[in-house]
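Chains as they are written, first to last, in the UniProt record's numbering: chain A, 1 to 584; chain G, 1 to 516.
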């Protein structure tokens, strides 16, 4: 058998966004070598400049975005390389979500990397772009081979990015865990692909309405009776995909990885991976395997319900904001699966629109947390967030904004997206999913609001006003305090302080407790001088309300995007999604 | 045409943003800016009200509501929206930005703007995070106005949820010791209801599709020839009623209210009780009754039963409260029960009673005025003494003569003394109920006994009787911290007092709006 391989210029033009990213990623590695370096030992040596590389990476993302928009306008929407990669509007729409998340992740990165002294920026941004590239490839894949290629590209890059904070054990653990479990899932997926190939004789998807590059779709349309081989293949494929979109019961890795990974990376991967995997999921199941929908629909239905209910229930009991958001992202995957079950143009369009909205909200929320996270991965517990509003009102305001958006409050994007998705459920003939989705959203509301309550309504760790009276009370209580000595022991001073601050006596209680904790926590650190110094500068950077302007920019952009998507943009974005979904 | 209604809705929102951007130290500038915005909005609303009172040739009549006018044969009243604004938003899903006023919403809009002015003026003592507080107050006003003026169900839901966010922050951020619990409970209860309504709205748009076109515009739906079958109506009615029943609240769904009302700072409580609770009753009237007439007919006995239980049970609960704010909270549930009862005073043929609706709307306005005055007075008292417990007070009238008289007037208004505002509303509403269903009418009317009792108990235990020998009130008095109402506080209450007397003597203008 012989192949003639001719790739036309048009084929390259169809994957222009990917090419731009690949080029810029290589360029970043090159520029990294040319930049002046600092650091004595190789471990600590890296570019001293924390501005050039992210700017370059951002330009790459913007370039890819521009290429995507150009393709929207002038592209022919045909598949490239003999039906291996799509350049249809559905893929391009997914690019929008992925690239938005990547752009925001990159904007959040420099301040974070600088604060945590992660100097290997060249690798960081190159891998970041490589992961983006993989996601785009996954979303645009129209063949099981390309699909696997994209999956592995993004996964390999993310394994390293998750473990990027080498001095933090949880980050290493995250990378390792992600690697092990993800490879396992990839193996399932690959096996499923192999069996489907065995059953149908092709790995190409095949397009609707055209017989240009016949694939699995055409085979199934011709043979709607599914064989055992095909069924097993579909089953294994479902496992692989369910893992990637972190659907329950394959969600175990999600909280650990999201918590351990650097926050900007989480901001990016929580959205990007999900977007790419879901679009691929939707394309494979709701389009390619549509002729045998009866065989898989019940399974995906069960996955969706389990994920919605379980994700929200598990998020209820989380105390760490990053873990909470991780479980909430599991829950969101559940909502998104509604679109797959509902199917049809509306279902797919709802998924696309939801992903775009989710990109801004979730990236924004994790971006806000990235400004709080410390080297040892502390700083994001509910305890740490208490009274954040009194210390850093704007940051708390932004975080609350994104959380409310995720909870589905209008006028933020989350509501419009949810509305469309639930609407798709009803139109797809699944009113029960609409009801379950709505009811689990109420659960979701509780944990988001609980977090907001901690930030806005519970007393600050450092008591703000009336510090004159508070300080002696603290000193007395703190000195005398075993853990259990109640603030009432501090007598009239404490009470005066608490009435002065307007809060309940709990205000003093918290302050006393944290003061005591702080002293005990600080004590052992004195012996390790460099660590302490590091901690001190970090605290300094954290304490000042002067966030790096890049973080502000990222938060502002994400908020603006979330607001615009929820109010003005649905005008044409929903229509666009509807048109795009028809081309998937 | 100038988008008058949009201006009224979004002016407070913009004002809130401006307030947030003012320098923190200029406390007085911040306060007066917020108050100025609220005033401006009130003036605009009054302008719309006046314009509405003129004969309007441009009126667009849309849809009809079956009504019984007086004892005459069943007639049909039309729903007419004025000053309509329409902007295509997401036509594929039937989502549009459309606003309009009719007689009921014009009244509630003006009430909301008035109460916001009063409550912001009453908030001048707030010091902690003043800018954010005022911005949230103005945002709350925006949300409420949107709820009353939206004529697209999607838009209505957006505003419905929008008003929840500031309310959550206001209760939780500036409330008493158990504020976090109260705020979260409040939002969760409301959220369950409103999410169910969301499902209902989605389904409604789905059922009213014509040839692949969905619609959520109230005008289009009411003019539509599609008739939902009674099972669908029943479920959709229940989904909508879930949201409204929590907000009003009807009795098994009320337990968030005493907590939220008693924990929130007094001006916020006044806003919640005076304006926000009306949103629920308005929802019943505007949506449940017009969209699902068959289901409303079938379920009216159920809702009326819940309302009657609420009226009596909460009146009894109010009798035994020792916390003044909780007492007022329970009285508020009880009074809103009368409103709900009036709205659902359907005749045997399922036709709404004009008197019942007249009375209910009148009572919405009156209750808004009265309960705001009461909560504010209690707030002023608490600010002086730091306690809300009835036992701590006694014999204050000698020390605080003006406050005692104002409280007396508000209490008498609340218990429905003829000649003051609440009498006309309650009387009309109960009359409407009585005509259509004597049992509910009698049971509802029974409330006047406990209502008089708990209100008199409130006045008696605080202002009359023996002064306490010790406790926080005496302590505050010794410190010289027990002055009578100052001129500012009196001016805050003055418009409410004037209205209490004016509506009491001359309620006709209000019913004019309801009937036109």
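Note that the Cβ used here is the ideal one computed from N, Cα and C, for glycine as well.
Check	Outcome
Of the residues 378/A, 354/A, 263/A, 443/A, the one placed nearest residue 573/A, counting alpha carbons only	354/A
Under 7 Å by beta carbon: chain A residues contacting residue 16/G	Within 7 Å Cβ-Cβ: nothing; residue 16/G doesn't reach chain A, min ~13 Å.
Interface residues of chain G facing residue 459/A [CB-CB closer than 9 Å]	Result: empty, since nearest Cβ-Cβ is about 10 Å, beyond 9 Å.
Distance between beta carbons of residue 234/A and residue 301/A, contact taken as under 8 Å	With 8 Å as the limit, residue 301/A and residue 234/A do not qualify as a contact, their Cβ atoms being about 14 Å apart.
Three-state secondary structure assigned by DSSP to residue 81/G	strand
Contact list for residue 419/A against chain G, beta-carbon separation under 9 Å	93, 95, 154, 157, 198, 201, 202
Test: residue 391/G CB closer than 8 Å to a CB of chain A	no
The stretch 443-453 of chain G / the stretch 415-432 of chain G touching (three or more Cβ pairs under 8 Å)	yes
Residues that residue 551/A bridges to, as DSSP identifies them	Bridge partners of residue 551/A: none, in fact.
Completely contained alpha helix (DSSP H) runs for the stretch 141-188 of chain G, where each covers 4 or more residues	153-162, 164-174
C-alpha distance - residue 161/A paired with residue 402/A, whole-angstrom precision	24 Å
Where the alpha helix (DSSP H) through residue 248/A begins and ends	That residue, residue 248/A, is in no alpha helix (DSSP H); it is neither H nor E in DSSP.
Among 417/A, 276/A, 409/A, 263/A, nearest to residue 190/G - alpha-carbon criterion	409/A
Simplified DSSP assignment, three categories, for residue 459/A	coil
Residue environment, residue 2/G, which counts as buried when at least 16 other CB atoms sit within 10 Å	exposed
Chain A within 8 Å of residue 62/G, Cβ atoms only	Model confidence at residue 62/G stands at a pLDDT of 47, short of 50, so the residue's coordinates are unreliable; what they give is reported in the following sentence. No - not a single Cβ of chain A is within 8 Å of the one on residue 62/G.
Candidates 348/G, 342/G, 14/G, 136/G, of which the one nearest residue 359/G by Cα	342/G
Buried/exposed call for residue 512/G, threshold 16 Cβ in 10 Å	exposed
Same chain, Cβ closer than 6 Å to residue 144/A, five either side skipped, listed in chain order	193, 203
Test: residue 519/G CB closer than 8 Å to a CB of chain A	In this structure chain G extends from 1 to 516, so residue 519/G is not present and cannot be described.
Whether residue 112/A touches residue 261/A by CB criterion (8 Å)	no
Minimum Cβ-Cβ distance from residue 186/G to chain A less than 8 Å	no
Residue 312/G, enclosing alpha helix (DSSP H) - first and last residue	293-319
Through-space distance from residue 421/G to residue 272/G, alpha-carbon basis	20 Å
Strand pairing of residue 447/A, partner residues [DSSP]	In the DSSP output, where bridge partners are listed per residue, residue 447/A has none listed.
Beta-carbon proximity check, residue 137/G vs residue 165/G, cutoff 8 Å	no
Buried versus exposed, by CB contacts within 10 Å (16 or more), residue 283/A	buried
Buried versus exposed call for residue 394/A [16 or more other C-beta atoms within 10 Å across all chains shown]	exposed
Euclidean distance between Cα positions of residue 181/G and residue 454/A	11 Å
Amino acids of chain A, ordered along the chain, whose beta-carbon sits closer than 7 Å to that of residue 343/G	Residues of chain A passing the Cβ test: none, with the nearest at roughly 26 Å.
First through last residue of the alpha helix (DSSP H) which encompasses residue 310/A	293-316
Own chain, CB closer than 7 Å to residue 80/A, minus 5 neighbours either side, in chain order	11, 14, 15, 87
C-beta contact flag for residue 224/A and residue 330/A at 8 Å	no
Continuous beta strand (DSSP E) assignments of at least 3 residues falling wholly in the stretch 374-405 of chain A	none
Contact set between residue 162/G and chain A, taken where Cβ atoms lie within less than 8 Å	409, 410, 411
Straight-line Cα distance separating residue 579/A from residue 92/A	12 Å
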